[in-house]
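Down below is the structure, laid out as structure tokens.
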């Protein structure tokens with residue numbers, strides 16, 4: 075394959091490369107000469123000495139390069155929707171570019187925090203790598219679109235919303251906020267709440283999109299998932315991958331820039347756990363997929379706790395354990411209802427491998443263990459009466475549902491267990507919040 079600049083997309087990427095190169099050179103000169111001290115402010119500044127105009131030039135180049143970057147992204151998403159390399163590359167490059175600008179602005183206003191200085195440097199390296207690959211790849215692969223298909227904007231917004239798995243995101247945000255409140259032992263500030271939940275929502279939505287990208291062929295074989303945007307072909311694989319990667323990257327910049335380093339690293343660990351460890355390695359490899367994979371969904375309350383305190387205590391690990399123990403009985407109940415789907419798709423869920431009777435027994439055992447774990451908080455004097463009473467009442471209802479699954483069997487009681495367990499998790503974490511502020 076030969077490198078050419080025949081496509082307008084390739085030429086636009088080369089223009090972007092030139093401006094980012096100039097931006098990097100001028101930025102380095104600003105750092106070496108100390109010009110930043112003579113033109114304070116962002117996104118514009120007024121030079122106090124002639125050297126300050128170098129900083130002003132740097133800001134101007136940021137503006138011009140940003141416009142070119144937006145044009146690249148627009149062209150990529152309009153004309154390269156089927157390009158499994160170019161569209162993700164352009165999207166990641168865009169996030170890295172604007173992420174570096176954001177972190178640079180935060181560094182200037184916060185007296186150069188070390189972890190953000192390191193992130194700024196690492197982003198610069200990653201940006202150059204992705205940009206060089208994008209320029210080369212677009213010269214080889216990109217072709218000008220002869221006709222741009224008209225797309226239903228409302229339908230596309232709906233499809234990307236579905237790709238984010240909004241119900242799962244909402245449930246994870248409940249556990250994140252509970253960890254935030256419990257760690258603060260009070261209602262946290264509006265600013266900390268906003269940035270923590272925004273970062274958490276982006277991480278969960280990005281992970282969900284990447285999961286659906288990985289499972290797009292598998293989803294076609296399951297009635298429950300066959301109408302998902304990627305499985306149904308309403309969105310291309312490149313769009314799903316690009317969307318997931320972009321949201322996941324943005325989530326880290328939000329967490330690192332506006333919350334703290336530990337919360338950002340935990341959120342990133344959750345993404346890797348769910349996407350790589352569970353979706354790629356575990357889901358189709360072992361009947362223990364849900365048991366081990368439950369750790370991914372158990373990380374959000376730790377993120378909330380870390381956002382509030384900057385560290386992890388025993389209570390944070392117990393919150394992790396609650397969600398970890400909740401995950402198997404919740405999803406095994408669903409697996410009983412959708413057993414034929416999982417069997418057809420080749421996913422080794424417990425009902426498929428070991429049968430419904432053994433699964434029902436495991437649901438009861440794990441539910442008993444879950445309720446026992448919830449009582450660790452009051453046992454270690456980490457929660458009060460409100461939580462103790464709530465955990466006993468809610469645990470009683472969930473144990474009753476699990477007992478019926480064990481004794482009665484069938485899809486109807488399994489579905490009831492699935493729904494009750496969803497409400498149980500939301501209410502137990504609501505009780506944690508209320509107990510923390512009473």
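Residue numbers (the numbering used here): 75 to 512. Every residue, glycine too, gets a C-beta built ideally from N, C-alpha and C. All of these numbers come straight from a predicted model, not from anything done at the bench.
For residue 447 and residue 244, the gap between their C-alpha atoms comes out near 23 Å. Pairwise C-beta distances place the region 207-219 in contact with the region 80-100, as three or more of them are shorter than 8 Å. By the neighbour-count criterion, in which 16 or more other beta carbons inside 10 Å mark a residue as buried, residue 430 falls on the buried side. Note that the C-beta distance between residue 476 and residue 438 is below 8 Å. Residue 342 and residue 380 do not touch by the CB rule: their CB atoms are close to 12 Å apart, not below 8 Å.
Counting only the Cα atoms, residue 203 lies some 11 Å from residue 196. Cβ-Cβ separation between residue 256 and residue 507: approximately 7 Å, consistent with a contact (criterion under 8 Å). DSSP places residue 232 in the helix class (H, G or I) of the three-state scheme. A distance below 6 Å between beta-carbons, with the five flanking residues on each side excluded, links residue 468 to the following residues of its chain, in chain order: 498, 501 and 502.
In the structure shown, residue 217 falls within a coil segment according to DSSP collapsed to helix, strand and coil. Judged by pairs of C-beta atoms under 8 Å, the region 253-267 does not touch the region 312-324, as fewer than three such pairs exist. In the three-state reduction of the DSSP assignment, residue 373 falls in the coil class. For a cut-off of 8 Å, the C-beta gap from residue 333 to residue 270 is around 5 Å, short enough to register as a contact.
Here DSSP, grouped into helix, strand and coil, assigns residue 399 to helix. In the structure shown, residue 226 adopts coil according to DSSP, grouped into three states.
Apart from sequence neighbours up to five positions away, the residues of its chain that approach residue 129 with a beta-carbon distance below 8 Å are 104, 109, 110, 112, 113, 119 and 121, ordered along the chain. Contact between the region 342-354 and the region 392-403 is absent, with fewer than three C-beta pairs closer than 8 Å.
Just measuring C-alpha positions, the residue of 504, 131 and 246 sitting nearest residue 99 is 131. Here the C-alpha atom of residue 492 lies approximately 5 Å from the C-alpha atom of residue 407. Between residue 93 and residue 142, the C-beta gap is smaller than 8 Å, which places the two residues in contact.
DSSP places residue 464 within a helical segment (H, G or I) once states are collapsed to three. Annotated three-state conformation of residue 124 is coil, per DSSP. In the displayed model, residue 238 falls within coil according to three-state DSSP, outside both helix and strand. For residue 358, the CB contacts under 8 Å within the same chain, skipping 5 residues up- and downstream, are 292, 420, 421 and 422 in chain order. In the three-state scheme derived from DSSP, where H, G and I count as helix and E and B as strand, residue 485 is classed as helix.
Around the Cβ of residue 285, a 10 Å sphere holds 16 or more other Cβ atoms; the residue is buried. An exposed status is given to residue 229, since fewer than 16 other beta-carbon atoms sit within 10 Å of its beta-carbon.
Pairing residue 301 with residue 182, the inter-Cα distance amounts to about 47 Å.
Here DSSP, grouped into helix, strand and coil, assigns residue 385 to coil. By the beta-carbon neighbour count (other beta carbons within 10 angstroms, threshold 16), residue 433 is buried. Taking a cut-off of 8 Å on C-beta distances, the region 398-414 touches the region 361-370, as three or more cross pairs fall below it. The shortest CA-to-CA distance from residue 170 to any of 451, 193 and 89 is the one to 193. Note on geometry: alpha-carbon atoms of residue 451 and residue 457 lie some 5 Å from one another.
In this structure, DSSP gives residue 138 a helical state, which the three-state scheme calls helix. Residue state for residue 261 is assigned as coil, using DSSP reduced to three classes. Here residue 480 is buried. Its C-beta has 16 or more other C-beta atoms within 10 Å.
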